[in-house]
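Colleague: Once you've had a glance at the structure underneath, I'll fire off some questions.
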Amino acid sequence: MSEDKKPSGPDLTTGVSLADFKDGKLLGHVGDEDVLLVQAGGEIFAIEPACSHYHGPLAEGLVVDDTIRCPWHHACFSLRTGEASRPPALNALAVWEVTRDQDRILVQRKREAPKPSAAHRTAPTSEKFVIVGGGAAGFAAAETLRREGFAGAITMLSNDGAMPVDRPNLSKDYLAGNAPEDWLPLRGEDYYQSAGIDLRLSTNVAAIDPRARSVTLGNGDKLPFDRLLLATGAEPIKLQIPGAEQPHVHTLRSVADSRAILKAAGSAKRALVIGASFIGLEVAASLRARKLEVHVVAPEERPMQKVLGSEMGDFIRTLHEENGVNFHLEDTVERLEGSRATLKSGAVIEADLVVVGIGVRPRLALAEQAGLAADRGVSVTEFLETSVAGIFAAGDIARWPDPHSRHTIRVEHWVVAERQGQTAARNMLGRRERFDAVPFFWSQHYDVPINYVGHAESFDDIVIDGSISGRDCLLKYRKGGHVLAVASIYRDLDNLRAELEMERSRG
């Protein structure tokens, strides 16, 4: 703990009473370490109070059985062991032993951290698992296989030149200059070595042969597999207009992309963002943080109207305009000639940096070439298995049967990809675990976070509780009277409760 920050709350080594708790929680300290006491059922637990993802305050989170969920990005931790049981958190939290002396609750000793998962591996096996993709789903699967005790070979093939990273940061804090690059990797290089994961970067996969159970690499080498996970993710849709291939025109998906935008932003004065997607608007906010003049061109009447509705769309536009962004809506860029962008309306914008954010498309070529069943994505069962036994798919490419909406859906969200990677890994081990997690994503615009649970491809109406303009609201997106999704601004606990309600009403 830093010298200028004092420990929180009462000294737990001297004891507290249940009467001191508020809503079943009490934040105190042991020595110079903050500790959160949580009452769950008839038990009292003591756990580190900050989420291991982005340090969200667990004291403001939701207790469900013997777990606690982070209010910011819905990570979940075991109160008994501190284990991160749901992404986006990956690292466990410290836990302390709790004792009682009559009506006093005391915390004095931290429990020993669990031993690394390598110590719990099963006997060595000759099985070979191959993961194609180095994004959220692929990484989560590799890590989960080792955490679950798999002792066979794991080969992870990524066409990216960088180790798996926290991709949401690329358009948010890292691009805005609020996070250093060494925060980006999900794990350091030494992790892959110690875990025995053969991570091959800048490696292309040319083909998959389901019958021969082998993967052909771009250089012609073949890798045999017993189980395969396809987690090829998505790629940015390219702008199809004259001038789109110029060097000052960028998309954002990888670390290299973000670095290139950062380098260009260092000398640029005016930026043009094409597309009012979440990525586009997060880029706009980050570039405004770097003091660039920013223009956004998009064909929609309002930003994010299709996903969030008209009132939230108006709010997002106003928020960005208050921070200096210039919108050119119901318009498109027809051509780029040097720094000169000509719009369909006839307007001209001079910009020395252009970022295109008009959506992504799933990378399906490998799956289609292998003959896997596909329907606007790779079709998978509730166990994330494709039409070929032993081959699984997860992340942006997977279309799965969603028990809440009662439709097959494909979702391009980071947390969904991580959770699918974990479920796919366990099913590669034969667990037969259904994937039924409620989709979740978050977006950050200046100081305003937007959390969204569920999935509504369309909706009949929106029930609004609170004030959108007052930045204190919960929105329910309904179809046929059924709530498909919930969005919120600074209603974190309500958002967690909505997620839990959807979980409990599934099927």
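In the working numbering, each residue's number is its place in the sequence shown (first place is 1) plus 5. Heads up, the beta-carbon is just placed ideally off N, CA and C, and yes, glycines get one too. Small disclaimer: the values here were computed from a predicted structure and weren't measured.
Exposed or buried, GLU342, counting other C-beta atoms within 10 Å across all chains shown (16 or more means buried)?
Modeller: On the sequence shown, position 337 is the one that residue 342 refers to. Exposed: under 16 other Cβ atoms inside 10 Å.
Colleague: Examine the Cβ distances between the region 424–434 and the region 370–379 and report whether three or more of them are shorter than 8 Å.
Modeller: Not touching, per the Cβ criterion.
Colleague: Put HIS325 into one of helix, strand or coil per three-state DSSP.
Modeller: Your numbering for residue 325 matches position 320 in the sequence shown. The answer is helix: DSSP assigns HIS325 an H, G or I state.
Colleague: If distances are taken between C-alpha atoms only, which option among GLU390, ALA461, VAL353 comes closest to MET412?
Modeller: On the sequence shown, residue 412 is found 407 positions in, with the first residue counted as 1. Strictly speaking, residue 412 in this sequence is His, with Met absent from that position. Checking every option, the nearest Cα to that of HIS412 belongs to ALA461.
Colleague: Could you please give the first and the last residue of the uninterrupted alpha helix (DSSP H) stretch that includes ASP470?
Modeller: By one-based count along the sequence shown, residue 470 stands at place 465. Careful: ASP470 lies outside any alpha helix (DSSP H), inside the beta strand (DSSP E) at 466–472.
Colleague: So MET433 and LEU234 are in contact, right, with Cβ under 8 Å, and what is the actual spacing, rounded?
Modeller: Looking up residue 433 in the sequence shown gives position 428. Looking up residue 234 in the sequence shown gives position 229. The Cβ separation is near 7 Å, so the contact holds.
Colleague: Under the rule that 16 or more other beta-carbon atoms within 10 Å means buried, what is LEU189, buried or exposed?
Modeller: Translated into positions along the sequence shown, residue 189 becomes position 184. By the neighbour-count rule (16 or more Cβ atoms within 10 Å), LEU189 is buried.
Colleague: Considering Cα atoms alone, identify which of SER13, GLY33, PRO12 is closest to SER22.
Modeller: Reading the sequence shown from its first residue, position 17 is the one you call residue 22. Nearest C-alpha to SER22: GLY33.
Colleague: Pop quiz: TYR59 and HIS78 are said to be a contact at Cβ under 8 Å. What is the actual Cβ separation, rounded to whole angstroms?
Modeller: Counting from one through the sequence shown, the residue named residue 59 turns up at place 54. Counting from one through the sequence shown, the residue named residue 78 turns up at place 73. Yes, TYR59 and HIS78 are in contact; Cβ-Cβ is about 7 Å, under 8 Å.
Colleague: Grab me the residues of PRO54's own chain with a C-beta within less than 8 Å of its C-beta, minus the 5 sequence neighbours each way, in chain order.
Modeller: The residue you call residue 54 lines up with position 49 of the sequence shown. Answer for PRO54: SER13, LEU32, ASP39, VAL40, LEU41, PRO62, LEU63, ALA64, listed in chain order.
Colleague: My output table needs one value for ALA124: the three-state DSSP class, helix, strand or coil.
Modeller: Indexing the sequence shown from 1 puts residue 124 at position 119. Any reading at ALA124 must be qualified, since the residue scores a pLDDT of 38, below 50, and its modelled position is unreliable; the value itself is stated next. Correct three-state label for ALA124: helix.
Colleague: Just confirm the distance between the C-beta atoms of ILE414 and ARG404, as a whole number of angstroms; I'd bet it's less than 8 Å.
Modeller: Working through the sequence shown from its first residue, we reach residue 414 at position 409. Working through the sequence shown from its first residue, we reach residue 404 at position 399. With a Cβ gap of about 7 Å, ILE414 and ARG404 count as contacting.
Colleague: What did DSSP end up calling MET5 once you bin it into helix, strand or coil?
Modeller: The requested residue 5 does not occur in the structure, where the chain is confined to residues 6 to 512.
Colleague: From LYS133, ALA147, ASP25, GLY139, pick the residue whose C-alpha is nearest to that of ASP108; which is it?
Modeller: Within the sequence shown, the letter at position 103 stands for residue 108. It is ASP25.
Colleague: Pairs of beta-carbons, one from the region 133–142 and one from the region 223–238, closer than 8 Å: are there three or more?
Modeller: Result yes; three or more Cβ-Cβ pairs closer than 8 Å.
Colleague: Can you tell me which of GLY248, ASN174, PRO215 puts its alpha carbon nearest to the alpha carbon of ALA290?
Modeller: Taking the sequence shown and counting its residues from 1, the one referred to as residue 290 is at position 285. The candidate whose alpha carbon is nearest that of ALA290 is ASN174.
Colleague: Is it true that the region 252–266 meets the region 163–179, where meeting means three or more beta-carbon pairs spaced less than 8 Å apart?
Modeller: Touching, yes.
Colleague: Using a Cβ-Cβ cutoff of less than 6 Å, which residues in the same chain neighbour ALA51 once the five nearest sequence positions on both sides are dropped?
Modeller: Along the sequence shown, one-based indexing puts residue 51 at 46. Contacts found: VAL40, LEU42, TRP101, VAL103, VAL112.
Colleague: Check the C-beta distance from ILE242 over to VAL365 and give it rounded, since I have them as a contact under 8 Å.
Modeller: As a working mapping, residue 242 is identified with position 237 in the sequence shown. As a working mapping, residue 365 is identified with position 360 in the sequence shown. Right, their Cβ atoms sit about 6 Å apart.
Colleague: Check the C-beta distance from VAL338 over to ALA276 and give it rounded, since I have them as a contact under 8 Å.
Modeller: Residue mapping note: residue 338 aligns to position 333 of the sequence shown, counting from 1. Residue mapping note: residue 276 aligns to position 271 of the sequence shown, counting from 1. Not confirmed; about 13 Å, so no contact.
Colleague: Identify whether MET309 lies in helix, strand or coil by the three-state DSSP scheme.
Modeller: Along the sequence shown, read from residue 1 onward, the residue named residue 309 stands at position 304. Here MET309 sits in coil by DSSP.
Colleague: Among the candidates ASP178, ALA156, VAL488, whose CA atom is the shortest distance from the CA of SER199?
Modeller: Along the sequence shown, one-based indexing puts residue 199 at 194. For the residues ASP178, ALA156, VAL488, the minimum Cα distance to SER199 belongs to ALA156.
Colleague: Can you tell me where the alpha helix (DSSP H) with PHE283 in it begins and where it stops?
Modeller: On the sequence shown, position 278 is the one that residue 283 refers to. Element bounds for PHE283: 283–294.
Colleague: DSSP has HIS412 in a bridge; who is on the other side?
Modeller: For this step, residue 412 is matched to residue 407 along the sequence shown. According to DSSP, which records beta bridges pairwise, HIS412 is partnered with ASP407.
Colleague: So PHE446 packs on LEU389, CB below 8 Å; how close in whole Å?
Modeller: The sequence position of residue 446 within the sequence shown is 441, counting from 1. The sequence position of residue 389 within the sequence shown is 384, counting from 1. Between LEU389 and PHE446 the Cβ distance is about 19 Å, and since that is not below 8 Å, they are no contact.
Colleague: Where in the region 431–466 do unbroken runs of the beta strand (DSSP E), each at least 3 residues long, occur, reported from the N-terminal end onward?
Modeller: Segments of the beta strand (DSSP E) lying fully in the region 431–466: 445–450, 453–459.
Colleague: Are the beta-carbon atoms of ALA503 and VAL458 separated by less than 8 Å?
Modeller: Numbered from 1 along the sequence shown, position 498 holds the residue referred to as residue 503. Numbered from 1 along the sequence shown, position 453 holds the residue referred to as residue 458. Cβ distance < 8 Å, so ALA503 and VAL458 count as in contact.
Colleague: Check for me: the beta strand (DSSP E) holding GLY33 runs from which residue to which?
Modeller: Looking up residue 33 in the sequence shown gives position 28. Looking at the DSSP string, the run of the beta strand (DSSP E) that includes GLY33 is 30–35.
Colleague: Which of the three DSSP states, helix, strand or coil, is assigned to THR208?
Modeller: For the purposes of this step, residue 208 is taken as the residue at position 203 of the sequence shown. Three-state result, THR208: coil.
Colleague: How many Å lie between LEU98 and CYS81 at the Cα?
Modeller: In the sequence shown, residue 98 corresponds to position 93, counting from 1. In the sequence shown, residue 81 corresponds to position 76, counting from 1. Each residue's alpha carbon lies about 11 Å from the other.
Colleague: Just the C-alpha distance for ALA83 and ILE73, rounded to the nearest angstrom, thanks.
Modeller: Looking up residue 83 in the sequence shown gives position 78. Looking up residue 73 in the sequence shown gives position 68. Here residue 83 turns out to be Ser, not Ala, going by the sequence shown. Computed Cα separation, rounded: 7 Å.
Colleague: Could you pull out every unbroken alpha helix (DSSP H) segment of at least 4 residues lying fully inside the region 179–236, listed in chain order?
Modeller: Listed in chain order, they are 194–200.
Colleague: Between the beta-carbon of LEU501 and the beta-carbon of LEU67, is there less than 8 Å?
Modeller: Residue 501 sits at position 496 when you count from the first residue of the sequence shown. Residue 67 sits at position 62 when you count from the first residue of the sequence shown. Yes, they are a contact pair.
Colleague: Kindly indicate which three-state DSSP category PHE332 falls into: helix, strand or coil?
Modeller: Counting from 1 along the sequence shown, the entry for residue 332 is found at position 327. Of the three classes helix, strand and coil, the one that applies to PHE332 here is strand, per DSSP.
Colleague: Which runs of the beta strand (DSSP E) at least 3 residues long sit entirely within the region 45–120? Give them in chain order.
Modeller: Those beta strand (DSSP E) runs which fall completely within the region 45–120 and span 3+ residues are 48–52, 67–69, 72–74, 81–83, 89–91, 100–106, 109–115.
Colleague: Residues in the same chain with beta-carbon distance under 7 Å from HIS125, minus the five sequence neighbours each way, listed in chain order, please.
Modeller: Taking the sequence shown and counting its residues from 1, the one referred to as residue 125 is at position 120. Low confidence applies here, because HIS125 scores a pLDDT of 44, under 50, leaving its location unreliable; read the following figure in that light. GLY154, listed in sequence order.
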